[in-house]
Amino acid sequence: MNQEAVTSPRSKPLFWGLLAGTVFYLLALLPAGMLAMMSPMASDSGFSTSIWIFIIAAMSLPIALVVCPWLGWIAYALRWNRTGWILLFLPCLWPLALIGAMA
């Protein structure tokens, strides 16, 4: 008896979104790395909670730009479409934290 596993089809919009997102995030890696290297200079005027949030968010942004698309492709391969979309847009939260810390 040979039974084929019933699986959901892979999402074409997710594929193109992951492809475009991966290219965009790789291009954004250089400015994000520069931001991470320069972020400790924000502490020259003294330390506060918002400065620490800014420094941590700036230093973790390059990591998120590499890890999230990588995990998104794994989710695409496993046919976890919703998780793939979430991982695709997750690095967009870092600029919100950076802007919130600067405000």
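Every number in the working numbering is 338 more than the matching position in the sequence shown, counting from 1. For glycine and all other residues, C-beta sits at the position ideal for the given N, C-alpha and C.
Measure the alpha-carbon distance for M375 versus P429 and round it to whole angstroms. Sequence index remark: in the sequence shown, residue 375 carries index 37 (1-based). Sequence index remark: in the sequence shown, residue 429 carries index 91 (1-based). Approximately 18 Å, taken between the alpha carbons.
Where does T421 sit, in a helix, a strand or coil, going by DSSP? Within the sequence shown, numbered from 1, the residue matching residue 421 stands at position 83. Correct three-state label for T421: helix.
Contact belief for A358 with L403 at Cβ below 8 Å, rounded distance in angstroms: The residue you call residue 358 lines up with position 20 of the sequence shown. The residue you call residue 403 lines up with position 65 of the sequence shown. The Cβ separation is near 14 Å, so there is no contact.
Cβ shell of M339 (< 7 Å), same chain only, five flanking positions each side left out: Translated into the one-based positions of the sequence shown, residue 339 becomes position 1. Bear in mind that the predicted position of M339 carries a pLDDT of just 49, short of 50, making it too unreliable to give a figure here.
7 Å Cβ shell around S349 - same chain, five flanking residues per side excluded: Numbered from 1 along the sequence shown, position 11 holds the residue referred to as residue 349. Only N419 meet the Cβ criterion.
Taking the Cβ atom as the reference point for each residue, do A435 and A395 lie within a distance shorter than 8 Å? Translated into positions along the sequence shown, residue 435 becomes position 97. Translated into positions along the sequence shown, residue 395 becomes position 57. Yes, the pair counts as a contact, with Cβ atoms nearer than the cut-off.
Looking at C-alpha atoms only, which residue of Y363, P351, S398, W354 is the closest neighbour of P407? Here the question's residue 407 lines up with position 69 in the sequence shown. For the residues Y363, P351, S398, W354, the minimum Cα distance to P407 belongs to Y363.
My guess is that L399 and W432 are in contact by the Cβ rule of under 8 Å, so how many angstroms apart are they, rounded? Along the sequence shown, read from residue 1 onward, the residue named residue 399 stands at position 61. Along the sequence shown, read from residue 1 onward, the residue named residue 432 stands at position 94. Correct: roughly 5 Å between the Cβ atoms.
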